[in-house]
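Chains as they are written, first to last, in the UniProt record's numbering: chain Y, 1 to 396; chain S, 1 to 396. Using N, Cα and C, we set each Cβ at its ideal position, and we do this for glycine too. In this text the structure is predicted, and so the values were computed from the model without any measurement.
Protein chains: 2
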Amino acid sequence: MTHHANARPLGGGIIGLGLAGGIMAPIIAEHPGLTLAGAAETDASTRATFTADTGLPAYAEVCELLANPTVDFVYVATPHQCHRAHAVLAAEHGKHIIVEKPMALSLADCDAMIDAANANGVQLVIGHTHSFDPAIAAIRALIDSGRTGAPVSLAMWNFTDFLYRPRRPEELDSARGGGILYNQLPHQLDVARLIVNSPIRSVRAATTRLDPTRPTEGGCSAFVDFENGACATVVYSGYDRFDSDELHGWIAEGGQLKTARHGHARRMLSKIAGPEGEAAQRRVQFGYGAAGAHGNPPHQPHFGLMLVSCERADIRQSADGLYIYDDAGADEQPIIRSSWRPGRGDVLEELRRAVVDGVPPLHDGTFGRGTVEAAIAIAQSAAARREITITELAAA
Amino acid sequence: MTHHANARPLGGGIIGLGLAGGIMAPIIAEHPGLTLAGAAETDASTRATFTADTGLPAYAEVCELLANPTVDFVYVATPHQCHRAHAVLAAEHGKHIIVEKPMALSLADCDAMIDAANANGVQLVIGHTHSFDPAIAAIRALIDSGRTGAPVSLAMWNFTDFLYRPRRPEELDSARGGGILYNQLPHQLDVARLIVNSPIRSVRAATTRLDPTRPTEGGCSAFVDFENGACATVVYSGYDRFDSDELHGWIAEGGQLKTARHGHARRMLSKIAGPEGEAAQRRVQFGYGAAGAHGNPPHQPHFGLMLVSCERADIRQSADGLYIYDDAGADEQPIIRSSWRPGRGDVLEELRRAVVDGVPPLHDGTFGRGTVEAAIAIAQSAAARREITITELAAA
């Protein structure tokens, strides 16, 4: 299905007005080539708020949203285990699809989603991850320009408060895709894969579960070997102790200045009683319409510290651009702002360009599947305490 | 051989007045419990300078230094391939020994040195590495206090200009122990081993050789698994591009403020013609009596960025102490200064305490051997592109 460039803006429907869907709704509305068309959401109160805010329909059933002819694409932001069902259903209704990361929790689910998109001739984009950030596109463009030579090793650190943000119970249950492996590592894996531009060959990883009251993976250290010979060391901690934004001018992940620092999330959480209170607080703090979810950030979004070592230069993200360290010394290159929100707006733009301009998306289903594969390999490597190759994973 | 506490200060002889020996000579002289006794050096001009400066004998032959009864211990700072011969000779003369890192280039050489020290009843300490830094002792003490719980993962980055400092030809030849694997990684490996306090079980690593005019390993990314289940990701680059001291307040490795920044070493080197010019420049810049080698630094020495994630806290080195990030937030703990030079002075103090007070050294021959073993495993892992366990290394 293609879309004519001078047709009406593409209409987008949100499936699931939780954290990701709630953030994305206004960004669709703001995007110059798109329009917000409606939403599907199981919670009646959230539906009412959405309709009061936007004047748009909010349906209890996904099928109702998919039957709406003003919906050209959907943003699937339901719990991970629903991604496959909702993406396949959308494809069968001829809707283009963005699926929030992780694409799914199994390779079989990924395959079903890819097959459904292909069979129905719709575009499939997996996001948002920080690999959509303008800084990552700028790094990739810099490498493609030939100035730096090919990337040879990436070093990535991100230390956050992830595990102490208010959670639903399944988000703390590894068996249901909770913890950092499926929710935070995909950012780093996508970024590394997009920059290195080669399939992952093997991983060697260790994970940590340090808090029995949050019994899922909260930390990971991984060595990632790419087929082209490049490698990445990937370190993540969500334990709200050291915060790597301390070394990035206290600019938060989204590009805002961070005022709530070390230990803040844990202190806030300690005031909430029980899983139900936590889920309620999660809705207040991160649900649709939550304060702080809107507004263009003063700086570029990022996902921790990263050094990209290439044959002839090192590259590192700055607050508003890139530092390039080469034989001439250090240099800073600004990032030119687009008219859409950096990061999440770029997810939308990647889909819009695919649908309207026929530009194949970088983050298609096959790309998204590769990141799920790597996350599974990391979990297996940590459990088996040995290197896991992607070929043995596929053969299992 | 033991030494009585109220005897004269221990006399130290330097074997090899190059970079390491030249730095160490005045630090021995300054140490309150030691006295500088003489040196052995093949270069006549350096011998003359040493004697003019210190009034002490400088011998052309190591045996002459070892025959001097005022020499109680020697600091072996000759080229790597001579470490075994000089350490064994010193032991046979009943002298205590400090061997500059790397201990040796083979496990057989390490074993011969350990055996000679044991057979002759002398102390053997392997250093200097940055694991002697007061900050590392403070981290270890903090962990031992029980406040943080056990270390679970270490993340280490060091980006320096190592490969572009003026070099002798063998320092750029991996077969003769050149490059970073035997000269820079031992700092990180020693630090990690001392903090984790468990043998290394396996490594998975990649190395880079990016400059054909400096044809040895200049970069490394490694995942290190320890027997107790902790792990470390170790990243090093000596390519004079990004400089990780940028994220440590521009404090240099030795604790001085750094004014020569990105690309400086490469620019200076480009003005020198050929290997002979480079070796001569090396002597001027880093040899015995070179400017900048002396003086107590304003801040603590360090070796790049390191996050020590423990069960209940993260720890990171600050300019003058440690940052401790735990459930209460972030806290900075100062490091109390000793009366000797931090780092290299601590090497001397470890030997002095072993000889005079009978305190077994942390950095004994067995410890030094473990780091050589790990460096060999890293080289093999990079070459074979797979995880290498220490047991298979020992079996080979």
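In terms of beta-carbon proximity, G329/S lines the interface with chain Y, with at least one pair separated by less than 7 Å. Residues L17, A39, E41, A58, Y59 and A60 of the same chain have their beta carbon placed closer than 8 Å to that of R47/S, with the five preceding and five following residues left out of the count. Contact annotation for F242/Y against chain S: L307, D314, R316 and Y325 [CB-CB distance below 7 Å, chain order]. Here P298/S is not near P134/S, since their CB atoms are 7 Å or more apart.
When G13/Y, A382/Y, E170/Y and R369/Y are compared, the shortest CA-CA separation from S106/Y is found for R369/Y.
The C-beta of H262/S comes closer than 7 Å to at least one C-beta of chain Y. S221/S reaches chain Y at S153, A155, F223, C231, A232 and T233, counting residues in chain order whose Cβ is nearer than 8 Å. Per DSSP, reduced to three states, the secondary structure at A155/Y is strand. Taking all protein chains in view, the Cβ of N296/S is surrounded by fewer than 16 other Cβ atoms within 10 Å, so the residue is classified as exposed. Cβ contact annotation for V62/S (same chain, cutoff 7 Å, sequence separation greater than five): I15, A40, H86 and L89, in chain order. Judged by beta-carbon spacing, I27/Y lies beyond the 7 Å limit of R283/Y, meaning their Cβ atoms are not closer than that value.
For the region 195-259 of chain S, the continuous beta strand (DSSP E) assignments of 3+ residues that do not extend past its boundaries occur at 200-208, 219-226 and 231-237, in sequence order. Considering only L56/Y, K271/Y and D240/Y, the residue with the shortest C-alpha distance to A260/Y is D240/Y. In terms of Cβ geometry, L154/S and V347/S do not form a close pair [threshold 7 Å].
Across the structure, K95/Y and V359/Y are spaced so that their CA atoms are roughly 17 Å apart. Take the alpha-carbon of N228/Y and the one of P199/Y: they are about 8 Å apart. Contact residues of the region 243-260 of chain Y toward chain S are L247 (C-beta to C-beta distance below 7 Å).
Between the alpha carbons of C110/Y and A328/Y lies a distance of about 45 Å. Comparing alpha-carbon positions, the option among P186/S, D173/S and F286/S lying closest to I23/S turns out to be F286/S.
Within chain S, the residues S153, A155, L307, S309 and D314 have their CB atoms less than 9 Å from the CB of S237/Y, given in chain order. Note on geometry: alpha-carbon atoms of L257/S and V74/Y lie some 55 Å from one another. A252/S and F242/S have their C-alpha atoms some 14 Å from each other. Distances from the alpha-carbon of E100/S to those of N118/S, E246/S, A280/S and N183/S put N183/S closest. Secondary structure at F132/S: helix, using DSSP grouped into helix, strand and coil.
Not a single CB atom of chain Y sits nearer than 7 Å to the CB of A279/S. Look at G12/S here: in three-state DSSP terms it is strand. Counting only runs that start and end inside the region 339-386 of chain Y, the alpha helix (DSSP H) elements of at least 4 residues fall at 344-352 and 365-384. According to the DSSP assignment, I335/S belongs to no alpha helix (DSSP H), since it is labelled neither H nor E. Per DSSP, G38/S is not a residue of any alpha helix (DSSP H); the beta strand (DSSP E) it occupies stretches across L34 to A40. With a threshold of 7 Å between beta carbons, T51/S makes no contact with chain Y. Distance from the CA of R193/S to the CA of L189/Y, rounded to the nearest whole angstrom, comes to 28 Å. Using a 10 angstroms sphere on the CB of A222/Y, the tally of other CB atoms reaches 16 or more, which defines it as buried.
Here DSSP, grouped into helix, strand and coil, assigns A290/S to coil. When CB distances to chain S are screened at a threshold of 8 Å, the residues of the region 361-390 of chain Y falling below it are R385, R386 and E387, in chain order.
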